[in-house]
Amino acid sequence: MRPFFDSDIVVNFTLSEEVIQREKKIIENNKRAIHEFQKEKLLQEGKKNWDKFYNHYKTNFFKDRKWIKVEFDHIFKDGELQNDSNNCEKEKRKTILEMGCGVGNTLIPLLLEYDNCDFIGIDFSKNAINLLNEKWEKIVHINETLKNEQMNGQNINHLLSLRDISNADNGEGNNVSTENEDQPEEENCSCIYDLKEYKKLGNLIKTSVVDITSDSEVSTDLNELGLVDVVLLIYVLSSVSPEKMKNVILNSYKYLKSGGYVLLRDYGLYDLTKKLIIIFVISELILSLSN
141 MRPFFDSDIV VNFTLSEEVI QREKKIIENN KRAIHEFQKE KLLQEGKKNW
191 DKFYNHYKTN FFKDRKWIKV EFDHIFKDGE LQNDSNNCEK EKRKTILEMG
241 CGVGNTLIPL LLEYDNCDFI GIDFSKNAIN LLNEKWEKIV HINETLKNEQ
291 MNGQNINHLL SLRDISNADN GEGNNVSTEN EDQPEEENCS CIYDLKEYKK
341 LGNLIKTSVV DITSDSEVST DLNELGLVDV VLLIYVLSSV SPEKMKNVIL
391 NSYKYLKSGG YVLLRDYGLY DLTKKLIIIF VISELILSLS N
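Going by this note's numbering, the first residue of the sequence shown is number 141, and it counts up by one from there.
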């Protein structure tokens, strides 16, 4: 599959002044003033507001971000070799940290794809972390059930093949087959509802409630500093106040190993999704403040 950022739609894209002014006007017309005391209240009750958000929408607000595999597959797959205790080379596991992981819309698709990685998820909201853990536990349970069913199926096929072999002298069961060759092969998809056969999964080693905007929250309880291979910041910076963005970047740097990656994606200028979310969120916040 051709990476999106190399596609014609991106390469040939231009943003004219006419379009900029039109989009700017749409945003200006939909602005709603928030008083200073309301702004301070929202900032002070940030954790409470995010908990209320996830308590209401659960795991249904954001879509799973499967595009990361398309764009950055090589970053998660490429692994360095190291010698184990028996002096045999094996691939070293990668450590992935997502800051602002929410309910796992980024982490879970990656966990389903990369069994060579250990994942850590941190978020401001306790409700989000609880929902992430619940969803991942369900997936692991489904996967283990599929594994047991697969093993039981293999045992049954083995017994049937032995029966066919034992009956071969009697002219019965000459064609030994352990699977239906006409049955189409199922494709593994990065979705809990499409997990139709057992597969190796990534390891979710830790989830935790952390304020990534604080300059004193960095802790070795999550992971030793300087040893994370990839830090994910997916639609995170736009959700924090501008004066605290620097702290988020500095905290990312403290965890990241030398030569590691920060994968960042956020809204662009006059992004359609951003416009819709701004209008929606401001409406919701004003409504909650008025109650």
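Every residue gets a Cβ at the ideal spot worked out from N, C-alpha and C, and that includes glycine.
In this text the structure is predicted, and so the values were computed from the model without any measurement.
Along the chain, where does the beta strand (DSSP E) containing Gly400 start, and where does it finish?
Here residue 400 refers to the residue found at position 260 when the sequence shown is read from its first residue. Run containing Gly400: 396-405, per the beta strand (DSSP E) assignment.
Alpha-carbon to alpha-carbon, His196 and Ser392
As a first step, residue 392 is located in the sequence shown; it is residue number 252 there, counting from the start. As a first step, residue 196 is located in the sequence shown; it is residue number 56 there, counting from the start. So the two alpha carbons sit approximately 29 Å from each other.
Name the residue from Leu183, Glu168, Asp355 whose alpha carbon lies nearest to the alpha carbon of His175.
Taking the first residue of the sequence shown as position 1, residue 175 is located at position 35. Closest option to His175, Cα to Cα, is Leu183.
Nearest CA to the CA of Pro216: which residue from Arg233, Lys179, Phe201?
Along the sequence shown, one-based indexing puts residue 216 at 76. As written in the sequence, residue 216 is Phe, which differs from the Pro given in the question. Looking at the Cα atoms, Arg233 is the closest of the given residues.
The beta strand (DSSP E) that contains Glu253, what's its start and end?
Here residue 253 refers to the residue found at position 113 of the sequence shown. Run containing Glu253: none in the beta strand (DSSP E); it sits in the alpha helix (DSSP H), 247-253.
Among Leu272, Glu253, Leu251, Asp213, whose alpha-carbon lies nearest the alpha-carbon of Gly240?
Reading the sequence shown from its first residue, position 100 is the one you call residue 240. Of Leu272, Glu253, Leu251, Asp213, the residue nearest in Cα terms is Leu272.
Specify the secondary structure class of Asp369 as computed by DSSP and reduced to three states.
Counting from one through the sequence shown, the residue named residue 369 turns up at place 229. Correct three-state label for Asp369: strand.
Sub-8 Å separation of Gly400 and Val376 beta-carbons
Locating residue 400 in the sequence shown gives position 260, where the first residue counts as 1. Locating residue 376 in the sequence shown gives position 236, where the first residue counts as 1. Contact flag unset, no.
By the DSSP assignment, the beta strand (DSSP E) with Phe264 in it spans what residues?
As a first step, residue 264 is located in the sequence shown; it is residue number 124 there, counting from the start. Looking at the DSSP string, Phe264 is not in any beta strand (DSSP E), and its letter there is neither H nor E.
Are Ile260 and Ile279 closer than 8 Å when you measure CB to CB?
Within the sequence shown, numbered from 1, the residue matching residue 260 stands at position 120. Within the sequence shown, numbered from 1, the residue matching residue 279 stands at position 139. Not a contact, by the Cβ cut-off of 8 Å.
Got a sec? Which residues, its chain only, sit under 8 Å from Leu403 by beta carbon, not counting five neighbours each side?
Residue 403 sits at position 263 when you count from the first residue of the sequence shown. Cβ neighbours of Leu403 beyond the five flanking positions: Ile208, Phe212, Ile215, Val370, Val371, Leu372, Leu373, Ile374.
State the DSSP-derived secondary structure class of Val159, mapped to helix, strand or coil.
As a position in the sequence shown, residue 159 is number 19, starting the count at 1. Val159 falls in the helix class under three-state DSSP.
Assign Asn343 to one of three DSSP states: helix, strand, or coil.
Translated into positions along the sequence shown, residue 343 becomes position 203. Secondary structure of Asn343 (DSSP, three-state): strand.
Sequence-distant residues of its chain with Cβ nearer than 6 Å to Asn387 (five each side left out)
Along the sequence shown, one-based indexing puts residue 387 at 247. Result list for Asn387: Thr353, Asp355, in chain order.
State the DSSP-derived secondary structure class of Ile236, mapped to helix, strand or coil.
Mapped onto the sequence shown, residue 236 falls at position 96. Looking at Ile236 - three-state DSSP - the assignment turns out to be strand.
Can you list, in chain order, the residues of its chain with a C-beta nearer than 7 Å to that of Lys397? Leave out the 5 residues immediately preceding and following it.
One-based indexing of the sequence shown puts residue 397 at position 257. Gly366, Leu367, Val368, Asp369, listed in sequence order.
Could you check which residue in Asn292, Arg205, Tyr407 has the C-alpha nearest to that of Leu252?
Within the sequence shown, numbered from 1, the residue matching residue 252 stands at position 112. In terms of CA proximity to Leu252, Arg205 leads the group Asn292, Arg205, Tyr407.
Is it the case that the Cβ atoms of Asp263 and Val349 are separated by a distance below 8 Å?
For this step, residue 263 is matched to residue 123 along the sequence shown. For this step, residue 349 is matched to residue 209 along the sequence shown. Yes; because the gap between Cβ atoms is below 8 Å, this pair is in contact.
Report the rounded CA-to-CA distance for Leu110 versus Asp148, giving the unit in angstroms.
In the structure as shown, the chain begins at 141 and stops at 431. Residue 110 is therefore absent and cannot be evaluated.
Check this for me: beta carbons of Trp276 and Gly242, under 8 Å apart or not?
Position 136 of the sequence shown, counting from 1, holds the residue named residue 276. Position 102 of the sequence shown, counting from 1, holds the residue named residue 242. With contacts defined by Cβ atoms closer than 8 Å, Trp276 and Gly242 do not form a contacting pair.
Those residues which DSSP pairs with Ser348 across a bridge
Start at 1 with the first residue of the sequence shown, and residue 348 comes out as number 208. For Ser348, which the question treats as bridged, DSSP gives the partners Ile262.
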